[in-house]
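Peer 1: Here my numbering is used: the first residue of the sequence shown is 1, the next is one more, and so on. Note that CB positions come from ideal geometry on N, CA and C, so glycine has one too.
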Amino acid sequence: MELGADVDGEPVISEVSLAVENGGSFKSLSEESGRPSSSFQSSSSSPWQHGNPPQSSYSQYAQNYPVQHPYPAGYPPPNQYYAPPQASGARPQTSQTSGAPPQTYGAPSQLPRQRKFDRRYSRIADNYNSLSEVTEALRRSGLESSNLIIGIDFTKSNEWTGKLSYNGRSLHHIGSGWNPYEQAISIIGKTLAAFDDDNLIPCFGFGDASTHDQDVFSFYPDRFCNKFEEVLTRYREIVPHLKLAGPTSFAPIIEMAMSIVEQSGGQYHVLLIIADGQVTRSVDTEPGQLSPQEQKTVQAIVEASKFPLSIILVGVGDGPWDTMTEFDDNIPARDFDNFQFVNFTEIMSKDVPQSRKETEFALAALMEIPSQYKASVELNLLGGRKGNAPERFALPPPVYSAASDRSLNSPPASSFQQSPSTYYNQNSAAEAAPSAPSIMYENQICPICLSNPKDLAFGCGHQTCCDCGEDLKLCPVCRNPIQTRIKLY
Numbered sequence: 001m002e003l004g005a006d007v008d009g010e011p012v013i014s015e016v017s018l019a020v021e022n023g024g025s026f027k028s029l030s031e032e033s034g035r036p037s038s039s040f041q042s043s044s045s046s047p048w049q050h051g052n053p054p055q056s057s058y059s060q061y062a063q064n065y066p067v068q069h070p071y072p073a074g075y076p077p078p079n080q081y082y083a084p085p086q087a088s089g090a091r092p093q094t095s096q097t098s099g100a101p102p103q104t105y106g107a108p109s110q111l112p113r114q115r116k117f118d119r120r121y122s123r124i125a126d127n128y129n130s131l132s133e134v135t136e137a138l139r140r141s142g143l144e145s146s147n148l149i150i151g152i153d154f155t156k157s158n159e160w161t162g163k164l165s166y167n168g169r170s171l172h173h174i175g176s177g178w179n180p181y182e183q184a185i186s187i188i189g190k191t192l193a194a195f196d197d198d199n200l201i202p203c204f205g206f207g208d209a210s211t212h213d214q215d216v217f218s219f220y221p222d223r224f225c226n227k228f229e230e231v232l233t234r235y236r237e238i239v240p241h242l243k244l245a246g247p248t249s250f251a252p253i254i255e256m257a258m259s260i261v262e263q264s265g266g267q268y269h270v271l272l273i274i275a276d277g278q279v280t281r282s283v284d285t286e287p288g289q290l291s292p293q294e295q296k297t298v299q300a301i302v303e304a305s306k307f308p309l310s311i312i313l314v315g316v317g318d319g320p321w322d323t324m325t326e327f328d329d330n331i332p333a334r335d336f337d338n339f340q341f342v343n344f345t346e347i348m349s350k351d352v353p354q355s356r357k358e359t360e361f362a363l364a365a366l367m368e369i370p371s372q373y374k375a376s377v378e379l380n381l382l383g384g385r386k387g388n389a390p391e392r393f394a395l396p397p398p399v400y401s402a403a404s405d406r407s408l409n410s411p412p413a414s415s416f417q418q419s420p421s422t423y424y425n426q427n428s429a430a431e432a433a434p435s436a437p438s439i440m441y442e443n444q445i446c447p448i449c450l451s452n453p454k455d456l457a458f459g460c461g462h463q464t465c466c467d468c469g470e471d472l473k474l475c476p477v478c479r480n481p482i483q484t485r486i487k488l489y
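Here is the structure:
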């Protein structure tokens, strides 16, 4: 079961009419620069550069990035990473729990004093009936170009968290219609497409059997995706080869985004995380304390506030989302309020026209971007290298010889030009019927007693039954020390 992270304190909008309270403008003014494409080199002991997003008007930086700092102690690098190469040329750019936060959240006293926002800067207070109107409103608020980064959750809970909202299918089900992840990508991608001059979108996955809660993998081993349409195409190519695992932590993808911002010379970026559940909180975590995944996620969000980076967490599926609505309030003082949660399922389940739902979701996801960009300007976060960014490096896309979750494997759609309205509006009996029971890559029987079903998961992602696993010190499969136990239902 996936558990724990939060919101911005802002209610999910119930009308398409929306006011942005936290004022400001969005992205840098136009200037000639570019985001070089990437190349790779293998290394088992040294970090690599993961590509260079487009440059902000607030800095001029060299095409060749300097040698990075050592990998942070919190995440030791795995055995092998691949380094995207520098491009030969540049493209021109024209433009957790409720209550008081426990002390384990971090050391707020070490952070710069939090600055209060002037809420007068930007306000979007019209009625919008289409994504084009949302786009124009963002342009009026100051948005001229965007640097979008996408992170997608591939944890095991995606198999069952669509029971109510997605007709019992895996949220990563590949069929004739778009699944929740594809629809969210499409809506945000279309909204921000007008503001992306080079069309390069770094895309990463996390939570599968190759990354667990420690790493991320890149959609391509040697380059970024070109436009959101390629993000959707590549997503469908990757999903059938994945083994969903866990546990859930947003720290690796947030640190990956911080690394990209640092390598870009301090450009403003937007990190879009799409996930089916909250940060993992095991059954043996004491009340008022944080699980290892929760603690690292909180620390990553705090550190990210030192960079010009906005984090949007989009929740798909059934949830639960209870702690998401409290998570942001329990994060210690940050340089600026950089984190927002949006409940995709709640918005897309409304009985209103599809275009209105898409508009409402886009507004909910992007409503705080102008104020967050303004905060980055006021705090002088734009431009230049901080020198203290995490050394986060993406793994290559996972490749498995055996077929993975069959519930994810269906003939791909013939075209991506269809409307995403099929999601939450399935009328045909064939689409509404739940898929056949999944045949997972691992047996569902406890590997120790070989009789009881698996109902206890460890932090490494492996499972046993509760009777056999409650007193284990080491995982019986990978032999790693057991620090987290999660009861499965």
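#1: Between residue 370 and residue 277, what straight-line distance do the alpha-carbon atoms span, to the nearest angstrom?
#2: Helix, strand or coil: which one does DSSP assign to residue 151?
#3: Taking the beta carbon of residue 265 as the centre, do at least 16 other beta carbons fall within 10 Å, making it buried, or is it exposed?
#4: Could you give the first and the last residue of the continuous beta strand (DSSP E) run that contains residue 234?
#5: Buried or exposed: which applies to residue 387, given that a residue is buried once 16 or more other Cβ atoms fall within 10 Å of its Cβ?
#6: Do residue 269 and residue 247 come within 8 Å of each other at the CB atom, strictly closer than that value?
#7: Is residue 239 buried or exposed, if buried means 16 or more other CB atoms sit within 10 Å of its CB?
#8: With C-beta atoms as the reference, is residue 312 less than 8 Å away from residue 340?
#9: Could you check what DSSP says for residue 464 in three-state terms: helix, strand or coil?
#10: Give a yes or no on contact between the stretch 169-177 and the stretch 216-231, applying the rule of three or more CB pairs nearer than 8 Å.
#11: Tell me the DSSP secondary structure of residue 158 in three-state form.
#12: Classify residue 219 as helix, strand or coil using the three-state DSSP reduction.
#13: In this structure, does DSSP put residue 289 in helix, strand or coil?
#14: Whole angstroms is fine: what's the gap from residue 487's alpha carbon to residue 283's?
#15: Quick one, are the C-beta atoms of residue 184 and residue 254 less than 8 Å apart?
#16: Return the bridge partner residues of residue 490 from the DSSP annotation.
#17: With a threshold of 8 Å between beta carbons, is residue 322 in contact with chain B?
#18: Assuming the contact rule is C-beta atoms closer than 8 Å, residue 260 and residue 202 should be a hit. Round their C-beta distance to whole Å, please.
#19: May I ask you to report which of helix, strand or coil DSSP gives residue 163?
#20: Less than 8 Å between the beta carbons of residue 465 and residue 475, yes or no?
#21: Count the other CB atoms within 10 Å of the CB of residue 399; is the residue buried (16 or more) or exposed (fewer)?
#22: Does residue 209 come out as helix, strand or coil in the three-state DSSP assignment?
#23: What is the DSSP secondary structure of residue 277, reduced to helix, strand or coil?
#24: Residue 394 and residue 250: beta carbons closer than 8 Å?
#25: Taking 8 Å as the cut-off, decide whether the C-beta atoms of residue 152 and residue 236 are in contact.
#26: Quick check: what's the CA-CA separation for residue 321 versus residue 256?
#27: Drop a sphere of 10 angstroms on the beta-carbon of residue 287, count the other beta-carbons inside from all chains shown, and report buried for 16 or more, exposed for fewer.
#28: Pick helix, strand or coil for residue 472, following the three-state DSSP scheme.
#29: Look at the alpha carbon of residue 197 and the alpha carbon of residue 162, and state the distance between them as a whole number of angstroms.
#30: Please go through the same chain and pick out, in chain order, the residues whose beta-carbon is closer than 6 Å to the beta-carbon of residue 275, but skip the five residues on each side of it.
#31: Which value, in whole angstroms, describes the spacing of the CA atoms of residue 470 and residue 298?
#32: What does DSSP give as the partner residue(s) for residue 315 in the beta ladder?
#33: For residue 546, count the other beta carbons within 10 Å of its own beta carbon; 16 or more makes it buried, fewer makes it exposed. Which is it?
#34: Under the three-state reduction of DSSP, which class applies to residue 188: helix, strand or coil?
#35: For residue 385, name the three-state secondary structure that DSSP assigns.
Peer 2: Let's see:
#1: 27 Å
#2: strand
#3: buried
#4: That residue, residue 234, is in no beta strand (DSSP E); its alpha helix (DSSP H) goes 227-238.
#5: Residue 387 comes out exposed.
#6: no
#7: buried
#8: The answer is yes: Cβ separation under 8 Å.
#9: Judged by DSSP in its simplified three-state form, residue 464 adopts strand.
#10: no
#11: Three-state result, residue 158: helix.
#12: Here residue 219 carries a coil assignment [DSSP, helix/strand/coil].
#13: coil
#14: 6 Å
#15: No.
#16: Any property of residue 490 remains undetermined from this structure, which presents the chain solely from 1 to 489.
#17: Included in the structure is just one protein chain, with no chain B present.
#18: 6 Å
#19: coil
#20: Between residue 465 and residue 475, the gap from beta carbon to beta carbon reaches 8 Å or more.
#21: Label assigned to residue 399: exposed.
#22: If DSSP states are grouped into helix, strand and coil, residue 209 belongs with coil.
#23: coil
#24: Not a contact, by the Cβ cut-off of 8 Å.
#25: No.
#26: Whole-angstrom Cα-Cα distance: 24 Å.
#27: exposed
#28: coil
#29: 36 Å
#30: Non-local beta-carbon contacts of residue 275 in its own chain, meaning distances under 6 Å to residues more than five positions away in sequence, involve 153 in chain order.
#31: Roughly 28 Å between the two C-alpha positions.
#32: Answer is 275, 343, bridged to residue 315.
#33: It is not possible to answer for residue 546, since the shown part of the chain is limited to 1 through 489.
#34: helix
#35: Coil.
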